[in-house]
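To start, the structure itself, in structure tokens.
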Amino acid sequence: MERRVALLVAEGHTNRSAADELVLSASTVGTHLRAAFGKLGVNSRVQLTRLVLERFASPPNA
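Heads up, the sequence shown stops at 112 in our numbering, and the numbers go up one at a time, no gaps.
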């Protein structure tokens with residue numbers, strides 16, 4: 051669930067819109083987001099987004 055929340059946040063969702071997408075409360079999304087921050091060693095949504103984009107971006111065509 052933390053991964054799903056992190057992906058939605060990286061796509062630009064707010065906690066509320068991610069909650070609507072996942073049929074959860076915004077508070078629950080915040081809890082999962084804080085857990086993801088801790089596990090990934092980031093402190094902000096911007097850092098999270100950069101990390102997600104680095105890890106999940108498709109490799110460039112060679």
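All C-beta atoms in this analysis are idealised placements derived from N, C-alpha and C, irrespective of residue type, glycine included.
Since this is a predicted model, take the numbers as computed values, not measurements.
On the DSSP letters alone, give me the boundaries of the alpha helix (DSSP H) that residue i sits inside.
i: His82; result: Ala76 to Leu90
i: Val55; result: Glu52 to Ala60
i: Thr99; result: Arg95 to Phe106
If we count the other Cβ atoms within 10 Å of its Cβ and call it buried at 16 or more, is residue i buried or exposed?
i: Val79; result: buried
i: Ala107; result: exposed
i: Asn65; result: buried
i: Val59; result: buried
i: Val55; result: buried
For residue i, which residues of its own chain have a beta-carbon under 7 Å away from its beta-carbon, when the five flanking residues on both sides are left out?
i: Leu90; result: Leu98 and Leu101
Enumerate in chain order the residues of its own chain whose CB-to-CB distance from residue i is below 6 Å, with the five nearest sequence positions on each side excluded.
i: Met51; result: His82
Would you check if the region 64-74 and the region 96-107 touch, i.e. whether three or more CB-CB distances between them fall below 8 Å?
Output reads no: the region 64-74 does not touch the region 96-107.
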